[in-house]
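Residue numbers (the numbering used here): 17 to 288. For every residue, glycine included, the Cβ atom is placed at its ideal position computed from N, Cα and C.
As C-alpha cells, then:
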C-alpha cells in the first residue's frame with residue numbers, strides 16, 4: 017500500500033513509460049490518474065481504469081478535460097522534449113513551466129520529473145550526478161531548463177529528478193534502432209541503457225522510501241560496445257543487422273548508477 021503520505025498519484029504523460037507505470041502503481045494500492053494529449057487514447061485508458069484526462073498546453077496555458085487531475089499528492093512529470101521541433105529550447109521549458117506553476121497553485125505537494133542523461137553530453141568519461149552538464153543537443157539544453165523550473169518551484173524535499181539513460185523494453189525494440197543501416201559511426205562507444213522494468217522499479221522504490229530532494233541517474237550496470245549490442249539485438253529480434261565504421265575513437269560517456277544503488281538499495285534487474 018501507499019506509504020509516506022503519498023496516496024494519490026497523477027502520471028502526466030501516459031506513453032511508453034507512463035502507461036505501464038500507472039498500471040503498476042495502481043496495483044500497489046495508489047489512487048492513480050493519467051493524462052494524454054490524444055483523444056483516441058482516452059477510451060483505452062478508461063478501459064484499464066486509469067482515470068485519464070485530456071491535457072494540452074498551448075502558449076503557456078494548460079487545458080484539461082478533468083481539472084481534478086491536479087487534486088493529487090504527487091505528479092510524475094513524464095513528457096520528453098520533441099527533438100524535431102526547431103524551437104524546442106523555448107517550447108519545452110514553456111510547457112513545463114505552465115504545468116509546474118499550475119501544480120503549485122493547486123497545492124500539489126511533490127513532483128517527480130523524468131529527464132535524461134543526455135544533459136551530460138558525450139564527454140569521453142564517466143559521469144555522475146555531480147558532473148558538469150555539457151549538453152550537445154537542443155533537446156538536452158531544454159531538459160536542463162526544465163529541471164531548473166522544477167527545482168525553483170519545488171525546492172528541497174518537494175521534488176526529485178530522475179535522469180534516464182537510453183530507454184528500451186516494452187514496444188521499444190532496440191534491434192530496430194539501427195536495423196539495416198550501413199557505416200554507423202562510433203561502434204566502439206559504450207552504451208547507456210535502462211529497461212522499462214527498471215524505470216518502473218526505481219520509481220516505485222523512491223516513492224515508497226520517500227526519497228525526495230534527490231537527483232538520480234537511472235542506467236543499467238553494464239555498458240557493452242554499441243556495435244556488439246545493436247548487432248546482437250537486430251539478429252535476436254529478426255531485423256537486418258547494421259554495419260559499423262572501422263575502429264575509431266568515439267565520442268561517449270559512461271553513466272554511473274552508483275548513487276541510486278547505494279541510496280535506494282536498488283538492484284537493476286535487466287542486463288545488456
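Residues in the same chain with beta-carbon distance under 6 Å from residue 134, minus the five sequence neighbours each way, listed in chain order, please. 156
Smallest Cα separation from residue 242: which of 56, 230, 260? 260
Identify which residue in 52, 65, 92 has its Cα closest to the Cα of residue 25. 92
Range covered by the alpha helix (DSSP H) that runs through residue 247: 242-252
Quick one: grab the DSSP three-state call for residue 184. strand
Flag this pair as yes or no: are the beta carbons of residue 115 and residue 73 separated by less than 8 Å? yes
Can you tell me where the alpha helix (DSSP H) holding residue 24 begins and where it ends? Note, residue 24: premise wrong, no alpha helix (DSSP H); beta strand (DSSP E) at 24-28.
Just list the residues that DSSP pairs residue 178 with in beta bridges. 130, 232
Consult DSSP for residue 218 and reduce its assignment to one of helix, strand or coil. helix
Express the C-alpha separation of residue 244 and residue 21 in angstroms, rounding to a whole number. 45 Å
What's the gap between the Cα of residue 101 and the Cα of residue 288? 31 Å
Whole-angstrom distance between residue 77 and residue 153, CA atom to CA atom: 26 Å
Check each candidate in 111, 184, 275 and name the one with the smallest Cα separation from residue 178. 275
Residues sharing a beta bridge with residue 52, DSSP: 70
For residue 260, which three-state DSSP category applies? strand
Whole angstroms is fine: what's the gap from residue 208's alpha carbon to residue 282's? 17 Å
Within 8 Å, strictly: CB atoms of residue 219 and residue 37: yes
Helix, strand or coil at residue 148 [DSSP, three-state]: coil
Would residue 4 pass as a contact of residue 60 if the rule is Cβ separation under 8 Å? Nothing can be reported for residue 4, as the shown portion of the chain is limited to 17 through 288.
Considering Cα atoms alone, identify which of 107, 28, 175 is closest to residue 222. 175
Residue nearest to residue 257 in terms of C-alpha spacing, selected from 148, 191, 273: 191
Let me know if residue 55 comes out buried or exposed under the rule of 16 or more other beta-carbons within 10 Å of its beta-carbon. exposed
Short Cβ contact (8 Å threshold) for residue 320 with residue 86: Missing from the structure shown is residue 320; the chain here goes from 17 to 288 and no further.
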